[in-house]
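So the sequences go chain by chain: A and B.
Its first residue numbered 1, the first sequence is counted upward by one per residue in my numbering.
Its first residue numbered 1, the second sequence is counted upward by one per residue in my numbering.
Inspection log for the structure reproduced underneath, given as structure tokens.
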Amino acid sequence: MRNIIAIPLLALSVILQSTIVSQFSLLAGYADLVLVLLAAWALQKGVTTALQWAFLASIMVSAISHMPWLVTLVGYCGVVLIAMLLQNRVWQAPLLAMFSVTFLGTLFMHLLSFFSLRFLGNPMPFGDAMGLITLPSLLLNLLLSIPMYGLMRDLAAWVFPIQEAV
Amino acid sequence: MKDLFSRSLQTTIIFLIVGGILALAFGGFFSSFSNRFTGGLVSAQSWFAVRYQAIQLFLSAPRDIINLRAQNADLQTEISQLQTQVIDLQQRVSQTEILAALVDFSRANPESSYKAASVIGRDPSPFLHYIIINRGSNDGILRGMPVVTNQGLVGRIDAVIADAARVQLITDPASTVNVHLKNANTDAVLLGSVTGDISLDMIAQDATVQSGDLILTSGLGGGYPPDLIVGQVINVRKLDYELFQQATVQSAVDFTRLDIVLVITNFRAVDITPLIPTPSP
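Next comes the structure, spelled out in structure tokens:
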């Protein structure tokens, strides 16, 4: 039942992304708060609802973004799947796993966005997109991933309290 | 009787001696001695006074520190309140300046009717250049309406809901605006880019375009009304083997500081897509 926190939390992160985070740009890129949040959440122990969170996040982001809904949905679900794949492989090094998921997830999301927009007829040079948007965004996402992982760990401890032996 | 006489004599002698000493002292004959004596006395008194003041300060200090701390807290609260007021007033002044400029702009262009809107967000994707404004269909905003500031063209309404709308900026990679170069008296197409820079394309090879030329909307295509300021030409790229000249453009609007915009509400965009001929098989 505590999973219902996803609704206000994701709504808040989408609002913050649209109003504040998108203002702090490095070259032409900026951090993706929702992506980092989903990655951090999916890496927590006991979390089984990360895909549902990704679905909800994609609906919320699509409400304000011109990006096609399918791109956002596939992108965020991809990030969660990467996190689920890496969760068991990079064990006992949660921050390393977080960095890996953020790195791969950002690349996946940006490549998906780039090729989708190119397919829809937006002229975009690949070099400009990667050099001026993806790489700065990647750096900002990696910086954001450290505090976000801590926040999500605390949230996971609240949502899934450890069962004490009676 | 003899004892009484001797006692009186002793007393008289003592008084005479004391009187003599006093007379000598008042006469200044003992000044060096009295100076040393009084100097020592003053030093001793100063020593005691300083210690006493230190002890008194030590005993009364805690009470003063408590008072000072309370006063400091009060002053800090007052300072923070005043700083909040200053920031609030600065914001109001800034907004008033923007609104005054927008009012001037609307007065200078009375042929259009405007609806002011605040920018409340940006597109979450860095690949797209869209803003969200706080006016929607409830305020009469429709898709395709141009959006301007007092500086120039911003973009056009892309999507509308009841209380908000999404605006495609002219810097968006999918944006194309038909423009007119006033000095060169030629038409061109303004293109956005993924980095937010704007450029001109489709400038005729025989047109003489120079840096600093003013760029206005041409109104061709029905997407925007004519004669809205877009920006200035920065530099021109002219290659003999290419069909058209190209130019980089400095936008008139600072897109990083968009706070309040005006939507031109009496303009209806014309969709000419059905009129564009499609190649027959």
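The beta-carbon is built from N, C-alpha and C at its ideal position, and this holds for glycine as well.
Checklist entry - Expressed to the nearest angstrom, what Euclidean distance is found between the alpha-carbon atoms of A/L120 and A/L81? => result 26 Å
Checklist entry - DSSP on A/G127, reduced to helix/strand/coil? => result helix
Item to check | B/I131 in three-state terms, based on DSSP | outcome: strand
Checklist entry - Touching or not, the segment 131-143 of chain B and the segment 193-212 of chain B, by the rule of three or more beta carbon pairs under 8 Å? => result no
Checklist entry - Would the segment 115-124 of chain B and the segment 235-244 of chain B be scored as touching if the rule is three or more Cβ pairs under 8 Å? => result no
Item to check | Inter-stretch contact (C-beta, 8 Å, three-pair minimum) for the segment 68-85 of chain B and the segment 221-235 of chain B | outcome: no
Checklist entry - From B/A54 to A/I146, what distance separates their C-alpha atoms? => result 54 Å
Checklist entry - Would DSSP call B/P173 helix, strand or coil? => result coil
Item to check | Neighbouring residues, chain A, relative to B/I132 (Cβ below 8 Å) | outcome: S18, I64
Next on the checklist: Does chain B have any CB closer than 8 Å to the CB of A/A167?
Outcome noted: With chain A running from 1 to 166 in the structure shown, residue 167 of chain A is simply not present.
Next on the checklist: By the 7 Å beta-carbon criterion, what residues does the segment 152-172 of chain B contribute toward chain A?
Outcome noted: D158, R166
Checklist entry - Buried or exposed: B/T195, going by 16 or more other Cβ atoms within 10 Å of its Cβ? => result buried
Checklist entry - Residues in its own chain within less than 8 Å of B/I276 by CB, not counting five upstream and five downstream? => result none
Item to check | Contact list for B/D123 against chain A, beta-carbon separation under 8 Å | outcome: S18, S22, I64, S65, H66, M67
Item to check | chain B residues whose Cβ lies nearer than 8 Å to that of A/S113 | outcome: S125, F127
Item to check | Interface residues of the segment 181-205 of chain B facing chain A [CB-CB below 7 Å] | outcome: V194, T195, G196
Checklist entry - In this structure, does DSSP put B/T77 in helix, strand or coil? => result helix
Item to check | Short Cβ contact (8 Å threshold) for B/I229 with B/L102 | outcome: no
Checklist entry - Would the segment 48-63 of chain A and the segment 110-117 of chain A be scored as touching if the rule is three or more Cβ pairs under 8 Å? => result no
Item to check | Where B/G28 falls, given that 16 or more other Cβ within 10 Å makes a residue buried | outcome: exposed
Next on the checklist: Just verifying my parser: in three-state terms, what is the DSSP assignment at A/G150?
Outcome noted: helix
Checklist entry - Would B/I120 count as contacting chain A if we go by Cβ distances under 8 Å? => result yes
Checklist entry - Name the DSSP bridge partner or partners of B/K115? => result B/V263
Item to check | Partners in chain A for B/A174, counting only beta-carbon separations shorter than 9 Å | outcome: H66, L117, L120, G121, N122, P123
Next on the checklist: Once DSSP output is grouped into helix, strand and coil, what is the label at A/E164?
Outcome noted: Per-residue confidence for A/E164 stands at a pLDDT of 49, beneath the threshold of 50, marking its modelled position as unreliable; the derived number appears in the next sentence. Correct three-state label for A/E164: coil.
Checklist entry - So A/R118 is in the alpha helix (DSSP H); what residue range does that whole segment cover? => result 94-119
Next on the checklist: As an exercise, report each continuous beta strand (DSSP E) stretch of at least 3 residues that is fully enclosed by the segment 190-275 of chain B, in chain order.
Outcome noted: 198-204, 214-217, 229-237, 244-251, 260-264
Next on the checklist: Can you look up A/V14 in the DSSP assignment and give me helix, strand or coil?
Outcome noted: helix
Checklist entry - Among A/F160, A/V71, A/T19, which one has its Cα closest to the Cα of A/S116? => result A/V71
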